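Have a look at the structure below, then the notes.
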Amino acid sequence: MVSALYILAAALGAAFLLGLLREERRGLAYGLTLAALGFMTWVSATWVWAFATTALPPVEIFTAGTPPPFAINLRMGMGEAALTLLVNLVGLASALYLKETLLQLGRRAMAVLLIAIMALAGLILTRDLFNLFVFMELMAISTAGLILLSADSRALGAGFKYLIVSQVVSVLLLIGIIFAYHVTGTLNIDGMAQAPALLATGIGAIAAFLILIALIAELKPFPANGWALDIYESAHPAYGAIFSAASGAAVIFAVDKVLPIGGAAWLPVATGVGIATFLFSNLLALPQTNDRRLLGYSSVGQIGLVLAVVGQRDVLGEAYGFIAFGLLVSNAVAKAGLFWLSGTIEQRGLTAWAVLRQRPLALFAFVTFLCVLVGLPPFPGFYAKWELARLLAGEGRMALLAAILLGTLIEAGYLFRWFGYAIKREPEAAAEGPRMQGAGLATGWNRALPIAAALVAAWGLGFLWGDLSGRGNLLLALPLLFALAFLVLDWLPAWVKNTLAIGGLTGFFLLTWQEYDPLRLIFAAIFLIGGSVILLASYETKGRRIGFYPSAMLMYAGLVMLIRATDAFGFFAAWELLTLGSYFLILRGKHSEPHALSYILFSLGGAFAILAGFALAGQGAVHLPLDGLAKVAEPLAPWVFVLLALGFMTKTASVGVHIWLPGAHAEAETDVSPMVSGILLKAGLYGFLVLLMSMGSQRLHGVELTHVLLWIGALSALVGNLMAVFQEDAKRLLAYSSIGQMGYALFGLALMNHLGWLMAIMFIINHYVYKSMLFLSVGGVAKRTGTRDMYRMGGLVKLMPLSFIAVLIGIIAISGVPPLSGFGGRWITYNALLDSEVRLPIVILFLAGPIAFLYLFRLIHTVFLGQLKDEHRRIKEAPFWIVLPQMIYVAVLLVVAVVPGLVLRHVDNYLDRFFPQGGLEWTGTVISSNYGYWNPISIMVIVGVIFATLFAWLLFVNRRAQPVKQFNIVFSGERPFRPETTHFAWNFFAPYRKALGFLTTPLATRFWEGITDLLHNAGDLVRRLYTGNGQTYAYHLLAFVVAVYLIRLGA
Amino acid sequence: MPFDWMKIPYALLTLFIVFNFGMLLNALIQKIGARVGRRYGVPIWQNYADLIKNYGLRSSITHGVMYYLGPVFRLTGGVGLLLFVPTIYGSEMFSNLSFAGDLILALYFVFFGTLGMALGAGESGHPNAAIGITRGLSQVTAAELPFALAVFSVALQYQTFSITDIVAVQQAGFTSWTLFTNPLAVAAAMLSFLGSMMRPPFDVVLAPQEIPIGPPTEYHSSYLALMQTNRAIFPIAKIVLYMSLFFGGAASWPVFFLKVFAIYMVSVLVGVAFPRFRVEQSIRWFLIWAVPLGVLSIVLV
Amino acid sequence: MVDISLIAMATGFVLILIGLYGALTNGNLLRMIVAFTVADAGVNLVLVSVGYMRGRTAPILDSAVPAAEAVARIIDPVPQALVLTAIVIGLGVTALMLAYAYRLYEAKGTLDIAKFSELKW
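Protein chains in written order, with my numbering: chain Y, 103 to 1153; chain B, 143 to 443; chain V, 21 to 141.
The following block contains the structure:
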């Protein structure tokens, strides 16, 4: 193998050779630069390969032929190899990316680039402290040189600020080095770390402090990092990529190397500085509008996160490398990719990224990088975060874990907001004249290639980390692969993909249905078969429908993996996948940008609560089977319960965390609304089911937690129903109604008795059927009328009779009126209530019940009855493919109404193993409980016979009834002629609003808006710290040093 | 399960008795109301006359299918409600079709007719129909709540949803009536009862005196006749429920007539003495005065 | 008698403090650069003073100091080497800073550091 020294030698040699070349031979110079970088990359790659495939010990390289302390030594181990590979690759790719700039600036710029990469590689390889100093100074000088590559004149100022700071840093570092040498007699890092004298003497301790604080200062810790942000904002994006991906990685590795000098006392310092930087950077990134500065804040934050992890290495054990490298490469790949992408975009605002929509592949790269950065599956950061949470919780470091998750959530907030802009906003007009294809986008193979490489690397590293995790590679999971296959097949017409999707879902169900217990079978049927039925409506969409199928299938893959998960990791991974997929789906709606954002934020917040809950439950155990939750003991158990329940509540949109749902469901596309309402919400209930099955009821400070859930369920039912009453938008009405329905289901589960669970199951099935049906019919109507405002419709019953029938059956089923299936749900509810000791929440539940009639009547009346509008006189029934699933649902509802035992009976029997008492008796057609009885077939027959008899009687006495025209009504002696003034629809329940409107005060919305405003304002306030004056930045640095010193003194 | 076909003629007999009783009772109540207002009032057979006249009317129009079916829904609701509840305690003959379901069925079937009616009236396109329905629905959400709580309280008290069982427990003398064993529940239920009888102060839904409003606005001839038939049956069916749950039920027809009359009179007495509430006022009234009683009855039972 | 190395070290630290003070209080780019060179000189002085040993000679192996006696007769050569490197690097950085100052002046016609704060927040 080639010695690692050649990495440095090649760069230096090439830089010297460049000096010998004539100025005009730029092409040759550029070729030489690329060759050198390519060679360096190849050397690193061979080392990585060697370490990965053989059990090679780290190789020491003695430069002067003698071991330390008499000469400088370098080391090449797995970590060094991987990082130099990263640095060299980024260097190579950036050199490619910089082709035009380098050719224009000539050999000097190329030499500086080579030196910069060499300095970074040197930082990684060297084991000598003074050598480290030299490489750091080289890095500083070359950085200052490379900043000048930028076309942005402001970069000059940024470079000078950097030089000021690096001067101060080098003063600190040199003094530290010389005194440390004085005390220990060596400059070798390992020798110094092993010298007991260093920390024993006062001088030694101060020397160690100066060395470490100087190195940490190079990591851009908050608040001494204003200079770095200026560089990120103004430097050439290719240099931004190097600065973020390569410099950050190299310096953090140096810190990791040198940290043992300071002893164990420095670990908390590193953690503290790191986490503070992570939190504040993300906070400050919130109000940013410049893409590169935003990326800068994010980079600084990510390095802070890695520093915090470095500080935790005492507890991370063997997983330390897996976690630290996972986070590091995630940031490196994503940031390099994003900076390169930003170089293709002409304008600097966040909305300017909307031009990426012209290039689906670039958009895909963009979203991949964002997901990598946030640490979503299947990327390395996801595995790393899981292990980190597991180990931190195992050591009881929950505060740190909470801070990390909070920071990540804020980061996800601004990153996905940005993605929303890119997908939904119009780019700012760059120039006058018509927009042309490719406007605002600068492309070229030398720019596309690095981005593509980063994209491939992101997925490759995801695969690698999955492989290393020892937890089953997500990228090998069949459902996920199936979903990802649609990325490749996205060029096919929509109907082909739709057929494939339906085939995949039903096929998977047929293959696996025998593996589920009855409870899971119900969920599997809803997810897979139910999903297929909804997908029938997707045949309506023509064209290619780019992006729809990967997103939808990602959601379904997540859902399937959720019910198939047996351990906490699989569950959590599936949870995040389905969240991600559904986010993309929701984002497709025309006006859904803010709602999709609030959806993903609540969902991720919930997911992090789940992560923390699982981590707490596992107590550091490598594997946590889901039924292992049952073994969690006091005093942890109730906290685990609270965290998991919070997470699941975000998905069921329980009151308080419900505010994302109405917009997300209402603004989604016609066939997406039923997916995210009828199907997706069930994931939260499934989570609750798993939680309650394994953990049962828990008490926290004497409060029964299931009792709290009861209240939440009841209040959700009330708030959901009440809000639905006052909506003018049909889909929003249905969306609020879902909040109420999920409240009922949660209430049932929280009752913790046999019938309560049966009631929840009944609600789960029913809600899927009728909410999917209603969303489809309302979607069909909205498609035909071009509006979702109910008061602008009316009288559609004659034009859209099938949609009307679907809505009619749907509202009878929801309201629980016999003889349809909703009644069964109510009957079980009452029996379940009687079986429990609960009293007061029942009042809320009873109050919520009849309110459903209000919004349901409003829905059917204002849309289908009343006066037909002039502009709607010629519209037709909804399209066939949208009506077809509705008719299937109607049939299902009728069948379930007559023979509910078909499904319920099995579940009822199965529930006996959890609650042996209080099941139902199934004798013939009669269903009876301990308290009452119910005979669905009799009811249907009796009602049918009475109805038919009376109908026949009316037909007989009223056989000559004449149909009349629309306005043939008695109307105060006048003849009305305008449907708009005759159709009573707007503000339909005005008296009700007067009486109970105060209950709909949007307290939750105000609360969350208050929180986001607070964060934004705090970020906006704190970022004024960065005045832009280089001198102030130097003050910040000194203040930072003094503050850390004082805090250490105090500790 | 073999079906006892004799149940059908028996049920029809119950229906016949209740229908006639309801026709007469309605007229009587109207008359009492008129006399309190110093008017003479209608003759006792007036409702029969109206009914025959309406069935006999020839002019007849329809606005559509739902409009046509509205009264059918309405009457099905009334008849169904009556037949799902055993009328006379201890009598196999007048236990009607209660084998199909218990108290909960009766509670929810109340809405069947209301819903169908509302849809039918809605199709007529008359704004006043819709306004009446929104008022009615708004009021019912608040008015039904104390009743639901009271019913649940009674079910808790007796640990059953079977109406027959509930009546059975109350047969040991009138002190065993729910009225005395669970007075809070009964109080709550009776306040709710005022709201559901379409009499003042809670009759703004129909507002029969001032303007033609609510579902009957556009219905005429045989449609109206069907609804009038229901008007005779439905209140009685509902009172039967109250009677069975709270006042010991009825073991014979005379007791039945007496108790139904007495219960009906409660709403009449209140009705003639108080002016009308607006909808939001009545909602607040129920929530402030009736619901706390219901809550107490649930907590204390 | 006070050790000469202590005096040198004290002087070095004073120079560093003067330099840092100057860099932090002067808004003029050139003055800041000069201040930093003063601080650099101080650092170098400290470096040398740490390696100094009384009564010994320079670490140059020639006829005056045979290799065999070197360990006892010369001062520690490492700080000397460090100082040489540090001086070179300091020179480089100073030159770069001066170049920057020149270009900044070209761009804006001013040397006031506070004027170069377009990038902020």
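Virtual Cβ for every residue (Gly too), placed ideally from N, Cα, C. Note that the structure is predicted; figures quoted are calculated from it, not measured.
Please tell me whether residue i and residue j are closer than 8 Å, where the distance is taken between their beta carbons.
| i | j | result |
| --- | --- | --- |
| G293 of chain Y | L300 of chain Y | no |
| G39 of chain V | A55 of chain V | yes |
| L225 of chain B | N238 of chain B | yes |
| L276 of chain Y | V63 of chain V | yes |
| Y932 of chain Y | F303 of chain B | yes |
| L418 of chain Y | A356 of chain Y | no |
Residues of chain Y with a CB under 7 Å from the CB of residue i: which are they?
| i | result |
| --- | --- |
| F241 of chain B | N1037, S1040 |
| S137 of chain V | T1129, G1130, N1131 |
| R123 of chain V | L258 |
For residue i, go through chain B and note every residue whose CB falls closer than 7 Å to its CB, in chain order.
| i | result |
| --- | --- |
| R1062 of chain Y | S202 |
Assuming residue i and residue j make a contact with CB atoms under 8 Å, what is their CB distance in whole Å?
| i | j | result |
| --- | --- | --- |
| L922 of chain Y | L995 of chain Y | 6 Å |
| L143 of chain Y | L191 of chain Y | Note on residue identity: the sequence assigns Thr, not Leu, to residue 143 of chain Y. With 8 Å as the limit, T143 of chain Y and L191 of chain Y qualify as a contact, their Cβ atoms being about 6 Å apart. |
| I375 of chain B | G212 of chain B | Going by Cβ atoms, the distance from I375 of chain B to G212 of chain B rounds to 16 Å, so no, they are not a contact pair. |
| G224 of chain Y | L119 of chain Y | Rounded, the Cβ-Cβ distance is 19 Å, inconsistent with contact. |
| I266 of chain Y | Y1135 of chain Y | 7 Å |
| F235 of chain Y | I279 of chain Y | 6 Å |
| L563 of chain Y | V435 of chain Y | 6 Å |
| W1036 of chain Y | L247 of chain B | 7 Å |
I'd like the list of long-range same chain contacts for residue i, defined as Cβ closer than 7 Å, with 5 residues on each side in sequence excluded.
| i | result |
| --- | --- |
| M385 of chain B | G391, A392, K401, V402, I405 |
| I913 of chain Y | L958, L961, I962 |
| P620 of chain Y | H1008, V1009, Y1012 |
| D132 of chain V | G47, N48 |
| F1079 of chain Y | F1069 |
| G535 of chain Y | Because G535 of chain Y sits at a pLDDT of 45, beneath the cut-off of 50, its placement in the model cannot be relied upon, and the point is left open. |
| I174 of chain B | V410 |
Sorted by chain position, which residues of the same chain lie with C-beta nearer than 6 Å to residue i's C-beta, five sequence neighbours on each side aside?
| i | result |
| --- | --- |
| V412 of chain B | L336 |
| S571 of chain Y | Y485 |
| G364 of chain Y | A310, L314 |
| R537 of chain Y | Since pLDDT at R537 of chain Y reaches only 48, below the 50 mark, its modelled position is unreliable, and the value read off the structure follows with that caveat. Within the same chain, R537 of chain Y has no close Cβ partners at all. |
| L438 of chain B | L326 |
| I353 of chain B | Unreliable positioning characterises I353 of chain B in this predicted model, as indicated by a pLDDT of 48, which lies under 50. The coordinate reading is nonetheless provided below. So no residue of the chain qualifies. |
Within its chain, find whatever has a CB closer than 8 Å to the CB of residue i; leave out the 5 residues flanking it on each side and keep chain order.
| i | result |
| --- | --- |
| D416 of chain Y | A366, L369 |
| G121 of chain Y | R209, A213 |
Anything in chain V within Cβ reach of residue i, meaning under 9 Å, just list it in chain order.
| i | result |
| --- | --- |
| W289 of chain Y | Here residue 289 of chain Y turns out to be Leu, not Trp, going by the sequence shown. The answer, in chain order, is V98, L102. |
Given that residue i touches chain B, what residues does it touch there, using C-beta distances under 8 Å?
| i | result |
| --- | --- |
| W762 of chain Y | Simply none; closest approach about 27 Å. |
| F1053 of chain Y | L211, V214 |
For residue i, return the contacting residues in chain D, with the cut-off set at a CB-CB distance below 7 Å.
| i | result |
| --- | --- |
| W929 of chain Y | No chain D appears in this structure, whose protein chains are Y, B and V. |
Please compile the residues from chain Y whose C-beta is within a distance smaller than 8 Å of the C-beta of residue i.
| i | result |
| --- | --- |
| V282 of chain B | P952, F955 |
| F254 of chain B | V919, P920, V1045 |
Closer than 8 Å by beta-carbon distance: list the chain V residues that pair up with residue i, in chain order.
| i | result |
| --- | --- |
| G261 of chain Y | Y120 |
What does residue i reach in chain B if we use C-beta pairs closer than 9 Å?
| i | result |
| --- | --- |
| A770 of chain Y | Result: empty, since nearest Cβ-Cβ is about 28 Å, beyond 9 Å. |
What in chain Y is Cβ-close to residue i, meaning under 9 Å?
| i | result |
| --- | --- |
| I36 of chain V | V273, I277 |
| A90 of chain V | Going along chain Y, no residue has its Cβ under 9 Å from A90 of chain V, so there is no contact; the nearest lies around 13 Å. |
Q: Quick one: which residues of the segment 391-419 of chain B get their C-beta closer than 8 Å to a C-beta of chain Y? List them in chain order.
A: Going along the segment 391-419 of chain B in chain order, one finds no residue with a Cβ nearer than 8 Å to chain Y.
Q. Name the residues in the segment 826-852 of chain Y whose C-beta lies less than 8 Å from a C-beta of chain B; which are they?
A. Residues passing the 8 Å Cβ filter: none.
Q. Using a beta-carbon distance cut-off of less than 9 Å, what residues from the segment 266-277 of chain B approach chain Y?
A. S266, G267, H268, P269, N270, A271, A272, I273, I275, T276, R277
Q) For the segment 267-289 of chain Y, which residues have a beta carbon sitting closer than 8 Å to at least one beta carbon of chain V? A) Interface annotation for the segment 267-289 of chain Y against chain V: S268, Q269, V270, S272, V273, L276, I277, I279, I280, F281, Y283, H284, L289, criterion Cβ-Cβ distance under 8 Å.
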